[in-house]
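Numbering follows full-length UniProt numbering, with no gaps: position 8 of the sequence shown is 8. The structure under discussion appears below in the form of structure tokens.
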Amino acid sequence: MTATTTPETSGGVPARDITISEFGAQKALGILANSGKENAGVRVFIKSGGCSGYQYGMAIDDRELEGDLIVVDRGVKLLVDRMSLPLLRGSEVDFVENMMGGGFTVHNPNATSACGCGSSFRTDGAQSPDGEGSGGCGSH
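Printed below as a string of structure tokens:
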């Protein structure tokens, strides 16, 4: 069974488990429109690895899996699996452009430290899970 989010209200402002910025939504909607997948969304997930312990991952996905949290924000369907949700709760997906190019990023209030490359993070300052993540930014 899949789950959809029901925003909680805090001080009159709906609280969401995960959101996407306006610019991120514009970019995602363009990518989704060209994906050829009907009813697709952006799957945001966490996996072990990277130089800080965990890595962000994103993919276009037209499947809604058992236990998924599904949030529609700014017209973009965001899918998060139940294992990734605790580490992503309160995060915002964004798209950033700089002199090195552009890409999606996650602004995560749960991250207590992050790698210089921005694609891996740690939540509590502890060692990386399973002894992974000691290789540096270029190792993942």
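Glycine included, C-beta positions come from ideal geometry on N, C-alpha and C. Remember, predicted model here, so these are calculated numbers, not experimental data.
- Taking D73 as reference, the option from V106, N108, E92 with the minimal CA-CA separation is E92.
- Listed as beta-bridge partners of I60 by DSSP are V42.
- With respect to the 7 Å criterion, S84 and I46 are classified as neighbours on the basis of their beta carbons.
- Assignment of L65 by DSSP, reduced to helix, strand and coil, places it in the coil class.
- Judged by beta-carbon spacing, D17 lies beyond the 7 Å limit of K37, meaning their Cβ atoms are not closer than that value.
- Put simply, of V44, E22, E97, I70 the residue whose alpha carbon is nearest the alpha carbon of N108 is V44.
- The C-beta distance from S48 to Y54 rounds to 6 Å, short enough to meet the 8 Å contact threshold.
- Leaving aside the five residues that flank M100 on each side, none in its chain has a CB nearer than 6 Å to its CB.
- G102 carries a strand assignment under DSSP once its states are collapsed to helix, strand and coil.
- In the three-state DSSP reduction, K37 falls in the coil class, being neither helix nor strand.
- Counting only the Cα atoms, G103 lies some 22 Å from I70.
- Between the beta-carbon of G41 and that of V76 there is about 7 Å, and that keeps the pair under the 8 Å contact cut.
- The shortest CA-to-CA distance from P86 to any of E64, N110, L65 is the one to N110.
- Boundaries of the alpha helix (DSSP H) around P86: 85–88.
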